[in-house]
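*Asks:*
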Amino acid sequence: MKFFYLIIVFSIILSSCTVIKRDSARDTGKKHYPKQVIPKVEKYSKYGNPKTYEVFGKRYKTLKTHVGYFEEGIASWDGKKFHGKLTSTREVYNMYELTAAHKSLPIPCYVKVTNLSNSKSLIVRVNDRGPFKKGRIIDLSYAAAKILDIIEVGTARVFVEAIEVK
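For the sequence shown, the working numbering assigns the number 408 to the initial residue and increments by one for each residue that follows.
#1: Rounded to whole angstroms, what is the Cα-Cα separation between S524 and V565?
#2: Which residue marks the beginning of the beta strand (DSSP E) containing I544, and which one marks its end?
#3: Between A482, V560 and F463, which lies nearest to E568 when the distance is taken from Cα to Cα?
#4: When DSSP labels each residue in this structure, what does K553 get in the three-state scheme?
#5: In the DSSP assignment, find the unbroken beta strand (DSSP E) run with N534 in it and report its ends.
#6: Run through DSSP, which three-state label would R564 get?
#7: Give me the DSSP bridge partner(s) of T496.
#8: How far does the beta strand (DSSP E) with N525 in it extend, from its first residue to its last?
#9: Over what stretch of residues does the beta strand (DSSP E) that includes Y451 continue unbroken?
#10: So is D556 buried or exposed if we call it buried at 16+ other beta carbons inside 10 Å?
#11: Here's the rule: buried if 16 or more other CB atoms are within 10 angstroms of the residue's CB, otherwise exposed. What is Y467?
#12: Can you tell me which of the three DSSP states F477 falls into?
#13: How far does the beta strand (DSSP E) with T506 in it reach, from first residue to last?
#14: Look up I445 in the DSSP assignment and say whether it is helix, strand or coil.
#15: Given that a residue counts as buried once 16 or more other Cβ atoms are within 10 Å of its Cβ, and exposed if not, what is G464?
#16: Which value, in whole angstroms, describes the spacing of the CA atoms of Y454 and T472?
As structure tokens, this is what we get:
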């Protein structure tokens, strides 16, 4: 009987010494499958759409409309650093949703982003300002970057085209 208690005590001691490290923003034990974005008519936010604004000493101009916008350039992505923080539209950033940040498009709006290296594309909802790093045209959420296979390399050449909803 003493041997039985000794095994139980030993098991408890061993299990209490086991440390499982988790990245709380990334691994909650649940699978995260983003909902497909279906563009819809939305009023531009009263927040995040000033005529002009300044970041890091550089002035940016917000477009009056997203209709007809397209551009080719470099995309990057945002992850847990901004997860749970407010976007320019005053929505909470969720890295597992299909969203993006853009310097000049009025927000919110919808764009189709195509990774030019693998032709993968998806639609995201633009609801924040950025990226403010030179040479970048759009910051994608973690989920969007994952679908487009941008996570590992960090950036990718993309084609961005605004979606007009009628």
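Backbone N, C-alpha and C fix where the C-beta goes; we use that ideal spot for every residue, glycine too.
*Replies:* For this structure:
#1: Each residue's alpha carbon lies about 8 Å from the other.
#2: Note, I544: beta strand (DSSP E), R543 to S548.
#3: It is A482.
#4: K553 falls in the helix class under three-state DSSP.
#5: Secondary structure note for N534: its beta strand (DSSP E) is the uninterrupted segment S528 to D535.
#6: Strand, per DSSP.
#7: For T496, which the question treats as bridged, DSSP gives no partner whatsoever.
#8: For N525, no beta strand (DSSP E) segment is defined, and its DSSP state is neither H nor E.
#9: Neither: Y451 is in no beta strand (DSSP E) and is coded neither H nor E.
#10: With fewer than 16 Cβ atoms within 10 Å of its Cβ, D556 is classed as exposed.
#11: So Y467 counts as exposed.
#12: DSSP places F477 in strand when its eight states are reduced to three.
#13: Under the DSSP assignment, T506 falls in the beta strand (DSSP E) whose first and last residues are T506 to A508.
#14: Correct three-state label for I445: coil.
#15: Exposed, by the Cβ-count rule.
#16: Here the alpha carbons of T472 and Y454 stand approximately 15 Å from one another.
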